[in-house]
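Chemist: Pasting a structure below so you can have a look.
Protein chains: 2
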Amino acid sequence: MRTEGRAKRLPRAVRERQIMDAAVDVFSRLGFHAASMDEISEVAGISKPMLYAYLGSKEELFATCIRREATRMMEAIATGVEPDQEPDVQLWSGLRAFFGFVGENRASWLVLHRQASTQGGPFAVELTDMRTRAVSLVAALLTQSTKAPATKLEAESLAAALVGAGESLAEWWLDHPEEPAGVVAARLMNLVWMGFGDLVEGNVWHPPSRR
Amino acid sequence: MRTEGRAKRLPRAVRERQIMDAAVDVFSRLGFHAASMDEISEVAGISKPMLYAYLGSKEELFATCIRREATRMMEAIATGVEPDQEPDVQLWSGLRAFFGFVGENRASWLVLHRQASTQGGPFAVELTDMRTRAVSLVAALLTQSTKAPATKLEAESLAAALVGAGESLAEWWLDHPEEPAGVVAARLMNLVWMGFGDLVEGNVWHPPSRR
DNA sequence: CCTGGTACCTACTCGCGAGTAAGACTACTG
DNA sequence: CAGTAGTCTTACTCGCGAGTAGGTACCAGG
Numbered sequence: 050m051r052t053e054g055r056a057k058r059l060p061r062a063v064r065e066r067q068i069m070d071a072a073v074d075v076f077s078r079l080g081f082h083a084a085s086m087d088e089i090s091e092v093a094g095i096s097k098p099m100l101y102a103y104l105g106s107k108e109e110l111f112a113t114c115i116r117r118e119a120t121r122m123m124e125a126i127a128t129g130v131e132p133d134q135e136p137d138v139q140l141w142s143g144l145r146a147f148f149g150f151v152g153e154n155r156a157s158w159l160v161l162h163r164q165a166s167t168q169g170g171p172f173a174v175e176l177t178d179m180r181t182r183a184v185s186l187v188a189a190l191l192t193q194s195t196k197a198p199a200t201k202l203e204a205e206s207l208a209a210a211l212v213g214a215g216e217s218l219a220e221w222w223l224d225h226p227e228e229p230a231g232v233v234a235a236r237l238m239n240l241v242w243m244g245f246g247d248l249v250e251g252n253v254w255h256p257p258s259r260r
Numbered sequence: 050m051r052t053e054g055r056a057k058r059l060p061r062a063v064r065e066r067q068i069m070d071a072a073v074d075v076f077s078r079l080g081f082h083a084a085s086m087d088e089i090s091e092v093a094g095i096s097k098p099m100l101y102a103y104l105g106s107k108e109e110l111f112a113t114c115i116r117r118e119a120t121r122m123m124e125a126i127a128t129g130v131e132p133d134q135e136p137d138v139q140l141w142s143g144l145r146a147f148f149g150f151v152g153e154n155r156a157s158w159l160v161l162h163r164q165a166s167t168q169g170g171p172f173a174v175e176l177t178d179m180r181t182r183a184v185s186l187v188a189a190l191l192t193q194s195t196k197a198p199a200t201k202l203e204a205e206s207l208a209a210a211l212v213g214a215g216e217s218l219a220e221w222w223l224d225h226p227e228e229p230a231g232v233v234a235a236r237l238m239n240l241v242w243m244g245f246g247d248l249v250e251g252n253v254w255h256p257p258s259r260r
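Same order as they appear, the protein sequences are chains A and B.
Each residue of the first sequence is one higher than the last, beginning at 50 in this note's numbering.
Each residue of the second sequence is one higher than the last, beginning at 50 in this note's numbering.
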């Protein structure tokens, strides 16, 4: 891009969106350090000083990307989950929403998961924040549905494991895109709800329509 | 370090180990890009040209670190697992070995998990390799123990999810070091073997000594 | 048609870090 | 006490990329 001379004059808000999109794309491909402001400006179709005028430094830009994508994702999940249902159904709808989002927003997911988690800068804040929200959401679901009262640490660590399993399975999915999102989600649902112990016996979990 | 003038004369093999240790330390703290050869040489107590003389370029050094740490970890797990036992016991011993290793080798773990997975260079090879070995180990355990024959993709994705859950729980553990390794391992064992469905009912998995 | 304001540019500075040239110190070997 | 092989150093080069100075085109409203 950026081969022609001057770019069309556009209102600031529109340019900012374009820049953010370009930044997410480049960051997802190269990671924070390897991505250069020059390349981002090129992909965005404008010159470097515009980046600095609108979005500030490289760090600010990256943090803004993370914030935007994290918000989009959490909203997608929040919209998808059905809060008045049984715990297993809640979990199921949450998983479906999560894998749905990842499937349609690979770049967002890569920025959030791979890139942001590595850098120790001001980004960790944004990222940890979102992850914490996700984990405590699951932890709450767990605590609320369990009969034997579990300690806070226990619920939290299990939630962390579940979230991690989801992240990792999403990662695996990127290498096997032929599988539909629903199938992947269902597999994770079976793993965490039934456990291997049941699965090796042939007992599987079914969505509510089959009950 | 490196405040005094000349370093003591040492045989190459010893220096190489020192350098590798320093490199793992620095890489684990800063990540590949942010780590500088200057800092590594300083921590190692030696000057920069020695690095290049012994370990080659920065990329080679990093790849060598990954190879070494990955091997150490896989060996630790292989040593810990008990191959002639029931599937659940095998899994249990593997988990214990894994968390044991991570607990005693935080830096190794950070390099392997956080840093290596992000860089797309020649490292991905080493890393993916180890991860693949781990995943297919678990997948084999699964396939071998299941009665209803599962597809290869199914077993592999479940294994990926389990490995991911382990990785993520290890990450969580770094922020909650007060918990002993065994407890964390047992929690993951319960999650993946029993599933939430059983756990919320109060059914837990016990190690074989209790049976 | 001027006057300001906003979008946009070319063309720099400047520091940091990878990698190297060229040689100095030590120790063993005959 | 040479000679030589291996260890170790200081002091560079050089490119890349973050960030900026100092403009130019374009569009209002007067």
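Cβ atoms here follow ideal geometry from the backbone N, Cα and C, with glycine treated the same way.
1) Compute the beta-carbon to beta-carbon distance between residue 147 of chain B and residue 115 of chain B, rounded to the nearest angstrom, for a pair I have assumed lies under 8 Å.
2) Given this structure, state the Cα-to-Cα distance separating residue 205 of chain B from residue 184 of chain B, to the nearest angstrom.
3) Do the CB positions of residue 195 of chain A and residue 249 of chain B come within less than 7 Å of each other?
4) Candidates A/121, A/230, A/225, A/107: which alpha carbon is nearest residue 142 of chain A's?
5) Cβ of residue 212 of chain B versus every heavy atom of the ligand ADP: is any distance shorter than 6 Å?
6) How close, in whole Å, do the beta carbons of residue 175 of chain A and residue 214 of chain A come, if the pair is a contact with beta carbons under 8 Å?
7) Pair every Cβ in the segment 147-160 of chain B with every Cβ in the segment 211-226 of chain B, then say whether three or more of these pairs are closer than 8 Å.
8) Closest Cβ-Cβ distance between residue 243 of chain B and chain A: below 7 Å?
9) What is the DSSP secondary structure of residue 211 of chain B, reduced to helix, strand or coil?
10) What in chain A is Cβ-close to residue 221 of chain B, meaning under 7 Å?
11) Residues of chain B with a CB under 9 Å from the CB of residue 194 of chain A: which are they?
12) Applying a beta-carbon distance threshold of less than 7 Å, which residues of chain A neighbour residue 236 of chain B?
13) If we count the other Cβ atoms within 10 Å of its Cβ and call it buried at 16 or more, is residue 59 of chain B buried or exposed?
14) Please name the residue, chosen from A/96, A/242, A/77, that lies closest to residue 55 of chain A on a Cα-to-Cα basis.
15) Put residue 245 of chain A into one of helix, strand or coil per three-state DSSP.
16) For residue 213 of chain A, decide whether its Cβ has a neighbour in chain B, counting only Cβ atoms nearer than 7 Å.
17) Three Cβ pairs or more, each shorter than 8 Å: is that satisfied between the segment 78-89 of chain B and the segment 98-112 of chain B?
18) In whole angstroms, give me the CA-to-CA distance for residue 259 of chain A and residue 243 of chain B.
19) Less than 8 Å between the CB atoms is what I'm expecting for residue 190 of chain A and residue 136 of chain A, so what's the real figure, rounded?
Modeler: This is what the structure holds:
1) Rounded, the Cβ-Cβ distance is 17 Å, inconsistent with contact.
2) So the two alpha carbons sit approximately 7 Å from each other.
3) Yes, they are a contact pair.
4) Per the Cα distances, A/230.
5) Ligands in the displayed structure: none, and consequently the ligand ADP is not present.
6) About 23 Å; that fails the 8 Å criterion.
7) Per the Cβ contact rule, the segment 147-160 of chain B is in contact with the segment 211-226 of chain B (3 or more Cβ pairs under 8 Å).
8) Output row for residue 243 of chain B: interface = yes.
9) Note: residue 211 of chain B maps to helix in three-state DSSP.
10) Per Cβ cutoff of 7 Å: 206, 209.
11) Ordered by position in chain B, the residues that pass the 9 Å Cβ test against residue 194 of chain A are 245, 249.
12) Within chain A, the residues placing a beta-carbon under 7 Å from that of residue 236 of chain B are 203, 206, 207, ordered along the chain.
13) With fewer than 16 other Cβ atoms from the protein chains shown falling within 10 Å of its own Cβ, residue 59 of chain B counts as exposed.
14) Restricting attention to A/96, A/242, A/77, the CA atom closest to the CA of residue 55 of chain A is found in A/96.
15) In this structure, residue 245 of chain A counts as helix in the three-state DSSP scheme.
16) At least one C-beta of chain B is nearer than 7 Å to the C-beta of residue 213 of chain A.
17) Between the segment 78-89 of chain B and the segment 98-112 of chain B, the count of Cβ pairs shorter than 8 Å is three or higher; the stretches touch.
18) Because the pLDDT of residue 259 of chain A is 48, which lies under 50, any placement of that residue in the model is unreliable, and the number read from its coordinates should be weighed accordingly. Cα-Cα distance, rounded: 22 Å.
19) At roughly 6 Å, the Cβ-Cβ gap stays under 8 Å, so residue 190 of chain A and residue 136 of chain A are in contact.
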